[in-house]
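Asks: Submitted below is the structure of interest, expressed as structure tokens.
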Amino acid sequence: MALASSVKVPYMAYLRVYEPLAAFPEPERSHWARYAKREDTPTAQDEQRRALADLLATPPVPVPVHESADAFIAVVDEVTCVCPWRTRLRGWQALEALDELLPASVLDAALPPVVRLQAAGDYERWRERNPDARPWIRGAAWHVPVRWFVLFDDGEREYTKGDQAPVMRYRTPMVEARRRVARGLRTLRDALEEGPLIDGLVDVGRWLEEFHPRSLVELDYGGLVHAVPEEQLAEDRSAAEVAEGLAALREGDGERAGVAYEKLSQRWRAVRERQFSS
1 MALASSVKVP
11 YMAYLRVYEP
21 LAAFPEPERS
31 HWARYAKRED
41 TPTAQDEQRR
51 ALADLLATPP
61 VPVPVHESAD
71 AFIAVVDEVT
81 CVCPWRTRLR
91 GWQALEALDE
101 LLPASVLDAA
111 LPPVVRLQAA
121 GDYERWRERN
131 PDARPWIRGA
141 AWHVPVRWFV
151 LFDDGEREYT
161 KGDQAPVMRY
171 RTPMVEARRR
181 VARGLRTLRD
191 ALEEGPLIDG
201 LVDVGRWLEE
211 FHPRSLVELD
221 YGGLVHAVPE
231 EQLAEDRSAA
241 EVAEGLAALR
251 EGDGERAGVA
261 YEKLSQRWRA
271 VRERQFSS
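Quick note on UniProt numbering: the sequence shown kicks off at 1 and runs consecutively.
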């Protein structure tokens with residue numbers, strides 16, 4: 001289902017969890033079972049266009065009034081797995097992070113304080129009724145966080161040119177993602193002091209523990225494919241470089257680990273700098 005819109009979709013990457021239908025209680029399970037049979041399920045671009053259209057309203061609507069009833073669907077070994085959008089929850093969480101991302105003057109112009117205050121109050125009341133809620137999707141603008149690559153192996157990389165745009169993604173069983181997080185944390189803690197990289201990986205690991213053990217984990221480059229030249233995208237082996245760096249740390253080879261990390265950092269630094277180009 002394509003939604004007509006002139007709004008340009010930003011360059012976002014996503015980390016998603018698809019849970020088997022058995023993980024959902026009724027009546028939600030039946031809803032997703034029926035939903036999975038549809039032939040017109042919307043895409044990630046459709047989701048973003050809806051959200052951006054709300055922000056262009058006067059006054060802007062930073063968080064949807066109602067929770068989305070849409071999801072992404074994946075069939076794994078003949079098992080239907082569902083990744084609910086939960087756009088409203090993710091909107092609230094993204095709103096909380098804006099204070100650290102934007103100057104106050106810019107934030108106030110885009111989203112007036114009264115609008116943010118109302119949204120914050122709505123979120124607080126909702127959290128009181130839904131204390132255990134968590135999103136199935138995490139997003140990152142203009143880059144893929146290094147910690148996300150720890151969850152995947154280079155052999156799980158899927159790159160296709162596509163009809164309109166390339167597609168780059170990794171998919172792995174939940175059990176493998178959790179195993180790699182645990183191993184990666186042991187390596188980093190043995191070699192480095194506590195810091196953002198370790199803290200970020202701990203946070204991802206805790207998030208993964210919230211889901212069914214037979215889930216599927218996906219890293220999707222999403223709109224980032226538009227920010228990277230096709231030949232560079234085809235050669236991108238970021239997960240392999242992260243694995244190389246961790247292997248070097250386990251072997252006590254700091255120099256080799258530094259080379260792998262620098263190569264990865266340069267690639268994503270070049271992508272992030274494009275957000276400031278005119």
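Ideal Cβ placement from N, Cα and C applies to all residues, glycine included.
As the structure is a computational prediction, the values presented were derived from the model and not from experiment.
#1: Alpha carbon to alpha carbon, how far is A239 from A104? Give it in angstroms, no decimals.
#2: When you compare the CB positions of V82 and A71, do they come within less than 7 Å of one another, or not?
#3: Alpha carbon to alpha carbon, how far is G184 from T87?
#4: Kindly indicate which residue of R189, A33, Y221 has the alpha-carbon position closest to the one of H143.
#5: Hey, quick one: how far does the beta strand (DSSP E) through residue 342 stretch, first residue to last?
#6: Count the other CB atoms within 10 Å of the CB of D203; is the residue buried (16 or more) or exposed (fewer)?
#7: CA-CA distance, E158 and R90?
#8: In chain order, what residues of the same chain lie with their CB nearer than 6 Å to the CB of G121, ignoring the 5 residues before and after it?
#9: How far does the beta strand (DSSP E) with G220 in it reach, from first residue to last?
#10: For E158, does the three-state DSSP call read helix, strand or coil?
#11: Scan the region 163–208 and note each continuous beta strand (DSSP E) run of 3 residues or more that stays entirely inside, going in chain order.
#12: Can the beta-carbon of R191 be found closer than 7 Å to that of L249?
#13: Ignore the nearest five residues each way along the sequence and tell me which others in G139's own chain have a CB closer than 6 Å to its CB.
#14: Here's the rule: buried if 16 or more other CB atoms are within 10 angstroms of the residue's CB, otherwise exposed. What is D236?
#15: Check the C-beta distance from V225 over to L233 and give it rounded, since I have them as a contact under 8 Å.
Replies: Result, derived from the coordinates:
#1: Rounded to whole angstroms, A104 and A239 show a C-alpha spacing of 36 Å.
#2: Yes; because the gap between Cβ atoms is below 7 Å, this pair is in contact.
#3: Each residue's alpha carbon lies about 30 Å from the other.
#4: H143 has its Cα closest to that of Y221, out of R189, A33, Y221.
#5: Nothing can be reported for residue 342, as the shown portion of the chain is limited to 1 through 278.
#6: Burial state of D203 is exposed, judged by a 10 Å Cβ sphere holding fewer than 16 other Cβ atoms.
#7: C-alpha separation (whole angstroms): 26 Å.
#8: Excluding five sequence positions before and after G121, none of the CB atoms of its chain fall closer than 6 Å to its own CB.
#9: Residue identity check: residue 220 is Asp in the sequence provided, not Gly. DSSP places D220 inside the beta strand (DSSP E), whose first and last residues are 216–220.
#10: E158 sits in a strand when the DSSP states are folded into three classes.
#11: Whole beta strand (DSSP E) segments, 3+ residues: 167–173.
#12: For the sequence presented, residue 191 should be read as Ala rather than Arg. Cβ distance < 7 Å, so A191 and L249 count as in contact.
#13: Taking C-beta separations shorter than 6 Å and ignoring five residues to either side along the sequence, the partners of G139 in its chain run M12, Y14, following chain order.
#14: Counting C-beta atoms within 10 angstroms of its own C-beta, D236 has 16 or more neighbours from the protein chains shown and is therefore classed as buried.
#15: Contact holds; Cβ gap of about 6 Å.
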